[in-house]
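*Asks:* Got a structure here, written out as structure tokens. Questions coming.
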Amino acid sequence: MVATKNGGPVDIQRVLDNGLLVDPHDEQSIATALLKLVADKQLWAKCRQNGLKNIHLYSWPAHCRTYLSRIASCRPRHPQWQSSDVVWGLTIMSLNLQATL
Numbered sequence: 124m125v126a127t128k129n130g131g132p133v134d135i136q137r138v139l140d141n142g143l144l145v146d147p148h149d150e151q152s153i154a155t156a157l158l159k160l161v162a163d164k165q166l167w168a169k170c171r172q173n174g175l176k177n178i179h180l181y182s183w184p185a186h187c188r189t190y191l192s193r194i195a196s197c198r199p200r201h202p203q204w205q206s207s208d209v210v211w212g213l214t215i216m217s218l219n220l221q222a223t224l
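Each residue of the sequence shown is one higher than the one before, starting from 124 at the first, in the numbering used here.
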């Protein structure tokens with residue numbers, strides 16, 4: 124993988140160790156990294172092996188499991204709301220709006 128050295132790819136590269144990071148504004152750096160990855164068979168094999176070993180950490184199902192577990196951990200900290208609360212709130216807002224007209 125050849126990716127930019129800013130944003131998400133930096134974190135992914137740190138975990139997967141499966142490629143080279145480049146300055147997205149430096150054409151020479153991009154070309155050099157691509158050529159190095161293609162020409163260096165050992166580097167290619169290492170990047171490929173590392174990427175395949177841990178790529179499941181960045182799959183959509185893995186992201187979904189992470190988000191759902193974080194949402195579930197927030198649930199006990201917040202009181203349950205009832206749909207009747209929403210209806211009551213809308214009724215009050217409607218009455219207030221009618222009163223001002």
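A virtual CB, placed ideally from N, CA and C, is assigned to each residue, including glycine.
If I measure Cβ to Cβ from TRP167 and keep anything under 8 Å in the same chain, skipping five residues before and after, which residues do I get?
*Replies:* Result list for TRP167: LEU160, VAL161, in chain order.
*Asks:* With a cut-off of 8 Å on the beta carbons, I'd call VAL145 and LYS169 a contact; round off their distance for me.
*Replies:* VAL145 to LYS169, Cβ: 18 Å. No contact.
*Asks:* Go to LEU139, then tell me how far its alpha helix (DSSP H) extends in each direction, as first and last residue.
*Replies:* Unbroken alpha helix (DSSP H) run through LEU139: 131–139.
*Asks:* Taking only the alpha-carbon atoms, compute the straight-line gap between THR155 and MET124 and give it to the nearest angstrom.
*Replies:* Distance between the alpha carbons of THR155 and MET124: 13 Å.
*Asks:* Contact between the region 129–144 and the region 171–181: three or more CB pairs below 8 Å?
*Replies:* A contact exists between the region 129–144 and the region 171–181.
*Asks:* What's the call for GLN136, buried or exposed, on a 16-neighbour Cβ count within 10 Å?
*Replies:* By the neighbour-count rule (16 or more Cβ atoms within 10 Å), GLN136 is buried.
*Asks:* Let's see if you can read the secondary structure: which residues bound the beta strand (DSSP E) around LEU157?
*Replies:* Careful: LEU157 lies outside any beta strand (DSSP E), inside the alpha helix (DSSP H) at 150–162.
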